[in-house]
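Asks: Mind looking over this structure? Questions follow.
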Amino acid sequence: MSFKKSLFKNILTLGGYNYSSQAANFLASIVLSRLLLPEEYGYVALITVFTGFVTIFADAGLSFAIIRSDYGYTFQRAITNLSFYFGMLLFVIMLLLAYPIALFYDDMTLVFPTMVMALTFIAGAFRIAPMAVFSKNLNFNYIGKVKLISNLVSIALMIIMAFLGFSYWSLIIPQIVLNLVQYIMFDLKLRLGFRFYPISYTLVAFRKTKSLITNLSGFNLINYWARNADNLIIGKFYSSYDLGIYNRAYKMLQLSLNVITGLFGTVLYPSLKKFKSEGGDVNSEYMSILGIISLINFPIGAVLILIPHTFVQVLWGENWLGVAELLPYFGILIMFQTMISTTGHVFILLEEEKRFMYLGVTSAIIMVLAIISGAFYSMLMVAIAYAFSYMIFIVPIFLYFGFYKIFGYSMGQILKFWLPKLIMGLGLMISVYFEKQVYLYFLLGIYLLHLLYNQRNELLKIRELTLRKLKKK
515 MSFKKSLFKN
525 ILTLGGYNYS
535 SQAANFLASI
545 VLSRLLLPEE
555 YGYVALITVF
565 TGFVTIFADA
575 GLSFAIIRSD
585 YGYTFQRAIT
595 NLSFYFGMLL
605 FVIMLLLAYP
615 IALFYDDMTL
625 VFPTMVMALT
635 FIAGAFRIAP
645 MAVFSKNLNF
655 NYIGKVKLIS
665 NLVSIALMII
675 MAFLGFSYWS
685 LIIPQIVLNL
695 VQYIMFDLKL
705 RLGFRFYPIS
715 YTLVAFRKTK
725 SLITNLSGFN
735 LINYWARNAD
745 NLIIGKFYSS
755 YDLGIYNRAY
765 KMLQLSLNVI
775 TGLFGTVLYP
785 SLKKFKSEGG
795 DVNSEYMSIL
805 GIISLINFPI
815 GAVLILIPHT
825 FVQVLWGENW
835 LGVAELLPYF
845 GILIMFQTMI
855 STTGHVFILL
865 EEEKRFMYLG
875 VTSAIIMVLA
885 IISGAFYSML
895 MVAIAYAFSY
905 MIFIVPIFLY
915 FGFYKIFGYS
925 MGQILKFWLP
935 KLIMGLGLMI
945 SVYFEKQVYL
955 YFLLGIYLLH
965 LLYNQRNELL
975 KIRELTLRKL
985 KKK
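515 is the number of the first residue of the sequence shown in this note's numbering; add one for each residue after it.
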C-alpha cells in the first residue's frame, strides 16, 4: 500500500472515532452551557492554566521515544515506569502549588479543587506507553475506539454531575475518570502491564530518551505559557466572567487543533518514520498533507469569521454572546495554526528537536509581548494582538528557519504554497476589524478557489479512491 493511501486510511479510521468524539464534546458543551454558568467555567479555567502547564511534562517525548526507537518489550515497560515516576512527581508539584495558586488569584477556595485535579497526573501516567505502542504498530482503529468510549463515559459523567448540582466539580472529576478508562482499555488488549523494574532499568530508559525529554519539554514549557498568557492575564486583571467568555472562544481554536492537528499528528509521525526508513520523499508528501489540512480547516474558519453571532446564539445561548466578537480572529488563527502545529513532527523525525525548541522560545516571546500589549486595552485587543503577531511574525519565522533552513524546501516552493494564504489571511483580519462584510465574502471566495486549485491533484485522488470503495460495496 502506498504511503498516502496508508496514511489516509489510518486518518479516516482514527478520524471517524475522533470526529465522533469531538461531535459528542460539542453537543455536550451545548447541554452544559444550560447547566453551568460562565463563572463556573471560568473558575475551573483559573486552575487549568496551571494544571495544563504541568501536564506538558507528563509525556515529555516518551511517546515519541517509543515510536522512534527499535527497542522492544523491556524498553517499553521501562518507559511505563519512567512515565509513572513523572506522574508522581507532577502530582506532588501540583499539591505544593495549590496554595500559591489560590494566593495568586486571592481565592482560597481554589486549594482543594487544585489538589483533586492533581490526581489526573497519576491516572494519565499509566496510559502513555501503551498508547505509544499502538501508534508505533499503526493500530489506530483501537486507539480511536478507546478515545471515543472513554470520552463518552466522561461526557455522561459531566452531564449527570452538572444536572445534580455539582457545579464546577462536574468539569474536574470526569477528567480523572477519562484517563483511568483509557489505561484499562489499552492494557486489556496490549497486556503490557505495570511492574516496578529495578531503578537501573528506568535510568537506562531515561538516558535513551534524554534528548527528546529535555528539548520537547523545553519547547512545550515555553509554548504552553505563550498559548496561555492570554488566559492568565485575563484571569488576573479581568473578571471570572470575562475569562469564561474568552476561554470559550479559545476552546474553538483548541477544538480545531485537537480535531485536525491532533488527528493528523497522531498518524503523521509514525507514518512518516516508516516512509522515511523505506527511502520515500518526505518533503513532497508533507507539503501535500498540509494542503489537505488547509482544505479541512477552511469551512471551520469561514463559519467563525462570517456568522459568529448566529453561531453563538444557536449553540450556547444569550449568556455567551460576548464570545461572538472574538470568534473571527480565532477563525483566522485556525486556518494557520492547524498547519504550523504539525511541523513539530517533522523536526522530531529529522532529529532536530533542539532547533524546534529554539524556534518555540522565539515565537513565545513575540506572542507574550503581543498579548500583554493587547491586555492594556481590552479583552478583544488580546485576541487581535494574538492573531496579528502569529500571522506577521510567527508563521514567517517557521517558514524560514523551519521549512527553508531545516526541512530543505526551496524558497519557490514555500512562497507558492504560503504567500497567497498569508496575504488573504491578513486581508481577512483587516476586514474583520473594520467590519467590512462584503470584503470577507470576497476574500474567503478567493481563498477557497486558491485551495481547490492548489490541491486539485489530491482531490482527484481522493475522489478516485472514494469511487473505488463505493464500487466494491
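By construction, the Cβ of each residue, glycine as well, lies at the ideal position given by its N, Cα and C atoms.
Is the beta carbon of A643 closer than 7 Å to that of T594?
Replies: yes
Asks: Rounded to a whole number of angstroms, what is the C-alpha to C-alpha distance between K661 and I674?
Replies: Going by C-alpha positions, K661 is about 20 Å away from I674.
Asks: What's the gap between the Cα of S945 and the Cα of I748?
Replies: 26 Å
Asks: Locate the alpha helix (DSSP H) running through D701, then write down its first and last residues.
Replies: First-last of the alpha helix (DSSP H) with D701: W683 to L704.
Asks: Beta-carbon within less than 8 Å of I846's beta-carbon, same chain only, minus the 5 sequence neighbours each way: which residues are those?
Replies: G815, I819, A901, M905, G939, L942, M943 and V946
Asks: For N651 and I960, I'd like the C-alpha separation in whole angstroms.
Replies: 41 Å
Asks: Spatial neighbours of A579 within its chain, please: CB distance less than 6 Å, with the 5 preceding and 5 following residues excluded, ordered by chain position.
Replies: T723 and L726
Asks: Can you give me the C-alpha to C-alpha distance between D744 and W834, rounded to a whole angstrom?
Replies: 19 Å
Asks: Taking the alpha-carbon of Q536 as reference, which of I570, L666 and T716 has the nearest alpha-carbon?
Replies: When C-alpha distances from Q536 are compared across I570, L666 and T716, the shortest belongs to L666.
Asks: Less than 8 Å between the CB atoms is what I'm expecting for T716 and Y599, so what's the real figure, rounded?
Replies: About 7 Å separates the two Cβ atoms, so the contact holds.
Asks: Against chain C, does P712 count as a neighbour if the rule is that its beta carbon must be under 7 Å from one of theirs?
Replies: Going by chain labels, chain C is absent from the structure shown, which holds only one protein chain.
Asks: For the segment 571-598, which segments carrying the alpha helix (DSSP H) assignment without a break, of at least 4 residues, lie completely within its bounds, in sequence order?
Replies: 576-582
Asks: Can you check whether the CB of T857 is closer than 7 Å to the CB of I807?
Replies: Their beta carbons are not under 7 Å apart, which means I807 does not touch T857 by this criterion.
Asks: Can you find at least 3 beta carbon pairs, one from the segment 618-636 and one from the segment 680-694, that sit closer than 8 Å?
Replies: yes
Asks: Indicate the three-state DSSP secondary structure (helix, strand or coil) for K621 in the structure shown.
Replies: Checking the displayed sequence, the identity of residue 621 turns out to be Asp instead of Lys. D621 carries a coil assignment under DSSP once its states are collapsed to helix, strand and coil.
Asks: In terms of residue numbering, what span does the alpha helix (DSSP H) encompassing Q851 cover?
Replies: Per DSSP, the continuous alpha helix (DSSP H) segment holding Q851 begins and ends at L841 to I854.
Asks: Hey, which unbroken runs of the alpha helix (DSSP H) at 4 residues or more fall wholly within the segment 746-811?
Replies: 754-770 and 777-791
Asks: To the nearest whole angstrom, what separates the beta carbons of Y783 and L863, a pair I think is in contact under 8 Å?
Replies: 7 Å
Asks: Please classify N971 as buried or exposed, where buried requires at least 16 other C-beta atoms within 10 Å of its C-beta.
Replies: exposed
Asks: Which two residues bound the contiguous alpha helix (DSSP H) that contains G874?
Replies: E867 to A889
Asks: Hey, could you find the ends of the alpha helix (DSSP H) I960 is sitting in?
Replies: Annotation: the continuous alpha helix (DSSP H) that includes I960 extends over Q951 to N968.
Asks: Do the segment 733-743 and the segment 867-879 meet, that is, are 3 or more Cβ pairs less than 8 Å apart?
Replies: yes
Asks: I'd like to confirm something about L873: is its beta-carbon nearer than 6 Å to some heavy atom of the ligand FMN, or not?
Replies: The model on display carries no ligand, and the ligand FMN is accordingly not part of it.
Asks: Enumerate in chain order the residues of its own chain whose CB-to-CB distance from V563 is below 7 Å, with the five nearest sequence positions on each side excluded.
Replies: N742, N745, L746 and G749
Asks: For P644, report the span of its alpha helix (DSSP H) as first-last.
Replies: Judged by DSSP secondary structure, P644 falls within the alpha helix (DSSP H) whose first and last residues are I642 to K650.
Asks: Helix, strand or coil for G922, going by three-state DSSP, please let me know.
Replies: The three-state secondary structure of G922, taken from DSSP, is coil.
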